[in-house]
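Order-wise, the sequence lines are chains D, H, F and B.
For reference, each letter of the first sequence is one residue, going 1436 to 1516 in the numbering used here.
For reference, each letter of the second sequence is one residue, going 1436 to 1516 in the numbering used here.
For reference, each letter of the third sequence is one residue, going 12 to 157 in the numbering used here.
For reference, each letter of the fourth sequence is one residue, going 12 to 157 in the numbering used here.
Even glycine gets a Cβ: it sits at the ideal position worked out from N, Cα and C.
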Amino acid sequence: MDVLYFAWVRERIGIPKERIETSAKTVADLVAELCAREERYAAAFADLSALRVAVDQELTDFDANIENAREVAFFPPMTGG
Amino acid sequence: MDVLYFAWVRERIGIPKERIETSAKTVADLVAELCAREERYAAAFADLSALRVAVDQELTDFDANIENAREVAFFPPMTGG
Amino acid sequence: MDIRVQEAPFDLGLETTCFADRQTDMGAVVTFTGITRDLPGGMDKMVIEHYPGMTEKALQGIAEQAMERWDLGDLLIIHRYGDLAPNDRIMMVATASRHRKDAFDAAEFLMDYLKSRAPFWKKEFGPDGTEWVAAKPEDEDALNRW
Amino acid sequence: MDIRVQEAPFDLGLETTCFADRQTDMGAVVTFTGITRDLPGGMDKMVIEHYPGMTEKALQGIAEQAMERWDLGDLLIIHRYGDLAPNDRIMMVATASRHRKDAFDAAEFLMDYLKSRAPFWKKEFGPDGTEWVAAKPEDEDALNRW
């Protein structure tokens, strides 16, 4: 699946997008997997309350199932308008 | 004092403005005086709840004192905007 | 603060651009425009009567109230009188504020007051004759919010 | 319904004029424009990041909700991304309705949703470095009204 990062999440992790092979069932599982990988992920995901997640371009929460997802994106709260 | 009429009040009375010498103390006194004068005034002032009044260009009510007024205006509820 | 009562048409786009251009420290601009409706079987012409002298004072008073009640950087009111055709712009207001809520609330307040407290009267000329536009009870009610 | 996500500037006056011109049976047009503030010692540049694909879907969804909830004839959303200078127009919405209340409420609703639910992120470049604009708790609270 494609994993995308935006704004300071992108800056902290250092890349805008990557392809990840995972058997994670939920967004939270994926986050745990990423955090175990490298320090920069653990830093970016340190405070989940400061993050938002979209699965297949729909805003959702960290409990969301991602078993059939094509795209998961992490980003800070939006500041449009 | 100058007495002004607007919208359908002007049409019913037939003139936009007239100069009136009066000793009326309030707007209501002035209205009574005008109604006693001619049928067209009585017709225009038949339903005071459908009318608004301004004394010296300030919206007020029929109890307002007009002893020192320069200008009294009668008109239907406004429809600006 | 810019208040105009005029017979001539105004250029909505130009007025909106100029108003926004002169805001440097305001992040939010709201405009409202009232347009004569162009309906099948509707009116051919609208004539707006007003009370010269009082109109300007009423608009000035409404504008000052808005500037006092909200954190506004600027506001604009343009209101036409005289003859209008269907689809003509009758009037506009514009408000500028640092945060959007002030600009929105002030623009709504200005419109609620203009509707019922500014001395304008509209007469419509249609296929079935002429008619003075009646004030709506809900416009009077709208004032109670403020 | 017209929704545009673009890097290029837009002409606020022209967009407002065109939007108003294409309303024939709507008497009320409301616009909102967000402008980058130009403050002494403030930022030199803003960069807006967005999520291509999701942005368009989010705006479409917000617009459809507004059309369902209010009696609107039309609406317009334009939102820029990329580099903006102080005093640039970031975005605009326009709404058209028969009665002014619908146009006002729908425009406020669109703005409240755009603020917190459309995937845009603003970064400011100032004399003291760069900073991601933080979401405000009151913007999240504003959503609870609807």
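Asked                                                                                                                           : Found
Chain-ordered chain D contacts of M102 (chain B) [CB-CB under 9 angstroms]                                                      : G1515 and G1516
V144 (chain B) in three-state terms, based on DSSP                                                                              : coil
Proximal chain B residues relative to L1469 (chain D), where beta-carbon distance stays under 8 angstroms                       : Going along chain B, no residue has its Cβ under 8 angstroms from L1469 (chain D), so there is no contact; the nearest lies around 19 angstroms.
Given S108 (chain F) as reference, the closest of F:E60, F:E142, F:A145 and F:V41 once Cα atoms are compared                    : F:V41
Partners in chain H for R15 (chain F), counting only beta-carbon separations shorter than 8 angstroms                           : Those do not exist, as R15 (chain F) stays about 14 angstroms from chain H at its closest Cβ, beyond 8 angstroms.
Beta strand (DSSP E) segment containing T106 (chain B), residue limits                                                          : R100 to S108
CA nearest to the CA of G138 (chain B), picked from B:F30, B:D55, B:D99 and B:V16                                               : Checking the sequence, you will find Pro at residue 138 (chain B) rather than Gly. Among B:F30, B:D55, B:D99 and B:V16, the Cα nearest to that of P138 (chain B) belongs to B:D55.
Reference R80 (chain F); option with closest CA among F:D150, F:F115, F:A129 and F:V144                                         : F:F115
The stretch 69 to 80 of chain F contacting the stretch 73 to 88 of chain B, beta-carbon criterion three pairs below 8 angstroms : no
CB contact flag (F131 (chain B), I46 (chain B), <8 angstroms)                                                                   : no
Proximity below 8 angstroms, CB of R111 (chain B) to CB of A31 (chain B)                                                        : no
Buried or exposed by the 16-neighbour rule on C-beta atoms within 10 Å, applied to R1487 (chain D)                              : buried
is_contact[I46 (chain B), chain F] using C-beta, thresh 8 angstroms                                                             : yes
Residue environment, S1458 (chain D), which counts as buried when at least 16 other CB atoms sit within 10 Å                    : exposed
Spatial distance of A1463 (chain H) from D1498 (chain H) (CA atoms)                                                             : 6 angstroms
For A1508 (chain H), three-class secondary structure by DSSP                                                                    : strand
Contact set for R48 (chain B): own chain, Cβ-Cβ below 6 angstroms, skip 5 residues either direction                             : none
One or two residues paired with K1460 (chain H) in a DSSP bridge                                                                : The partner list for K1460 (chain H) (beta bridge, DSSP) is empty, contrary to what the question assumes.
Given L1483 (chain H) as reference, the closest of H:C1470, H:R1454, H:K1460 and H:G1515 once Cα atoms are compared             : H:C1470
Candidates F:H61, F:T44, F:G52 and F:T27: closest to E18 (chain F) by CA position                                               : F:H61
Pick from B:D36, B:A153 and B:V104 that is closest to T44 (chain B), judged by C-alpha positions                                : B:V104
Distance, T1514 (chain D) Cα to P20 (chain B) Cα                                                                                : 19 angstroms
Secondary structure, alpha helix (DSSP H): runs of 4+ residues fully inside the stretch 30 to 109 of chain F                    : 65 to 80
Residues in the stretch 127 to 151 of chain F having any Cβ partner in chain H nearer than 9 angstroms                          : S127, R128, A129, P130, F131, W132, K133, K134, W143, V144, A145, A146, K147, D150 and E151
Rounded Cβ spacing between A1479 (chain D) and R1447 (chain D) (contact assumed at less than 8 angstroms)                       : 4 angstroms
Cβ-based contacts, 9 angstroms cut-off: residues of the stretch 21 to 47 of chain B near chain F                                : D22, L23, G24, L25, E26, T27, T28, C29, A31, D32, Q34, T35, D36, M37, G38, A39, V40, V41, T42, F43, T44, G45, I46 and T47
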